[in-house]
Amino acid sequence: DTAVSQTPKYLVTQMGNDKSIKCEQNLGHDTMYWYKQDSKKFLKIMFSYNNKELIINETVPNRFSPKSPDKAHLNLHINSLELGDSAVYFCASSLQGFDEQYFGPGTRLTVT
Amino acid sequence: LAKTTQPISMDSYEGQEVNITCSHNNIATNDYITWYQQFPSQGPRFIIQGYKTKVTNEVASLFIPADRKSSTLSLPRVSLSDTAVYYCLVGPRRGSGAGSYQLTFGKGTKLSVIP
Chain R
141 DTAVSQTPKY LVTQMGNDKS IKCEQNLGHD TMYWYKQDSK KFLKIMFSYN
191 NKELIINETV PNRFSPKSPD KAHLNLHINS LELGDSAVYF CASSLQGFDE
241 QYFGPGTRLT VT
Chain S
18 LAKTTQPISM DSYEGQEVNI TCSHNNIATN DYITWYQQFP SQGPRFIIQG
68 YKTKVTNEVA SLFIPADRKS STLSLPRVSL SDTAVYYCLV GPRRGSGAGS
118 YQLTFGKGTK LSVIP
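Residue numbers (this note's numbering), protein chains in the order written: chain R, 141 to 252; chain S, 18 to 132.
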């Protein structure tokens with residue numbers, strides 16, 4: 141059984157489009173995260189939710205909006221996609237706070 | 018904000034012990050140090066976490082000096098399958114509310130194990 145799953149695995153879209161990436165965890169964790177890994181492999185946190193409440197919101201354009209319908213899901217919606225949004229996006233979860241994080245397989249977003 | 022610094026890359030032969038050091042001069046009192054491993058096209062995987070002195074598990078050891086301004090991940094007898102990027106992460110284990118969590122990943126150390 142997959143602990144943290146993301147869909148889609150690959151996403152190719154054009155500039156200006158709106159897209160969503162879904163994340164689900166079946167570990168019963170309270171905290172979920174979204175990370176962005178760019179072409180230089182830098183891994184940067186974007187958002188963190190604890191039990192559906194936003195607790196971290198790094199300096200991310202407001203075109204990015206996380207949505208947590210329940211504590212097992214944290215979706216990422218991106219409006220007006222730009223070339224610079226091309227990256228691999230990882231979802232992760234942890235029991236609480238800064239505990240051991242379990243990462244999903246990643247979604248490779250390519251904006252053309 | 019605790020910033021981390023790691024070597025960009027390291028090479029090692031199979032069977033050797035590998036030590037990767039992470040500097041975190043601004044580490045806060047309630048910060049923990051965590052190391053993750055990432056293979057190409059996969060998400061990072063937790064290796065080990067510690068606060069001070071030494072922590073050991075089945076895959077690695079983590080050495081943290083008394084001043085906690087650095088830490089060393091030790092991988093015993095590496096194999097080709099240990100070729101990966103290793104990230105050092107510093108942050109509080111439990112926060113007291115919004116803004117308490119500071120998750121700073123280092124730039125990672127690319128370890129290449131040579132046959």
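Ideal placement from N, C-alpha and C gives every residue a C-beta, glycine not left out.
Checking the sheet assignment: what are the DSSP bridge partners for residue i?
i: R:Gln-165; result: R:Val-144
i: R:Pro-214; result: The residue you asked about is not Pro; residue 214 of chain R is Leu in the sequence shown. Paired residues: none, contrary to the question.
i: S:Asn-36; result: S:Ser-91
i: R:Phe-230; result: R:Tyr-175
i: R:Asn-197; result: R:Phe-187
i: S:Gln-66; result: S:Thr-51
i: R:Pro-206; result: R:Leu-216
i: R:Leu-235; result: According to DSSP, which records beta bridges pairwise, R:Leu-235 is partnered with nothing at all.
i: S:Pro-109; result: S:Asp-48
If the cut is a Cβ gap below 9 Å, which residues of chain S does residue i touch?
i: R:Phe-243; result: Tyr-53, Gln-55, Gln-59, Gly-60, Pro-61, Arg-62 and Phe-63
i: R:Gly-168; result: Within chain S, no residue comes near R:Gly-168; the closest Cβ sits about 17 Å away, beyond 9 Å.
i: R:Gly-246; result: Ser-58, Gln-59 and Gly-60
What residues from chain R crowd round residue i, counting only those whose CB sits closer than 7 Å?
i: S:Arg-66; result: Residue identity differs from the one stated: residue 66 of chain S is Gln in this sequence, not Arg. Simply Glu-240.
Drop a sphere of 10 angstroms on the beta-carbon of residue i, count the other beta-carbons inside from all chains shown, and report buried for 16 or more, exposed for fewer.
i: S:Tyr-118; result: The predicted model places S:Tyr-118 with a pLDDT of 49, which falls under 50 and marks its position as unreliable; any figure quoted below should be read in that light. Buried, by the Cβ-count rule.
i: S:Pro-61; result: buried
i: S:Ala-77; result: buried
i: S:Ile-64; result: buried
i: R:Asn-143; result: Inspection of the sequence shows that residue 143 of chain R is occupied by Ala rather than by Asn. By the neighbour-count rule (16 or more Cβ atoms within 10 Å), R:Ala-143 is not buried but exposed.
i: R:Val-152; result: exposed
i: R:Ser-234; result: buried
i: S:Phe-122; result: buried
i: R:Lys-176; result: buried
i: S:Ile-131; result: exposed
i: S:Tyr-103; result: buried
i: S:Thr-70; result: exposed
i: R:Gln-154; result: exposed
i: R:Phe-230; result: buried
i: S:Ala-83; result: exposed
Using a C-beta cutoff of 8 Å, does residue i count as contacting chain R?
i: S:Val-130; result: no
i: S:Val-102; result: yes
i: S:Arg-110; result: yes
i: S:Ile-50; result: no
i: S:Lys-124; result: yes
i: S:Ala-115; result: Reliability fails at S:Ala-115, whose pLDDT of 40 lies under 50, so the model's placement of it is uncertain and no value is given.
How would you list, in chain order, the residues of chain S whose beta-carbon sits under 7 Å from the beta-carbon of residue i?
i: R:Phe-230; result: Gly-60
i: R:Gly-112; result: With chain R covering 141 to 252 only, the question about residue 112 of chain R has no answer from this structure.
Would you say residue i faces chain S, with C-beta separation under 8 Å as the test?
i: R:Leu-183; result: yes
i: R:Ile-161; result: no
Return the Cβ separation of residue i and residue j in integer angstroms, given the expectation that the two are a contact with Cβ distance under 8 Å.
i: S:Ile-44; j: S:Lys-86; result: 6 Å
i: R:Asn-191; j: R:Lys-159; result: Not confirmed; about 26 Å, so no contact.
i: S:Gln-66; j: S:Ile-81; result: The pair is not a contact, with the Cβ atoms about 11 Å apart (cut-off 8 Å).
i: R:Tyr-189; j: R:Ser-208; result: 5 Å
i: S:Thr-73; j: S:Thr-38; result: That belief does not hold up - the Cβ atoms of S:Thr-73 and S:Thr-38 are roughly 17 Å apart, past 8 Å.
Using 7 Å as the cut-off, classify the Cβ of residue i as near or not near the heavy atoms of the ligand MN, replying yes or no.
i: S:Arg-85; result: As presented, the structure is devoid of all ligands, the ligand MN included, so that no description of it is given.
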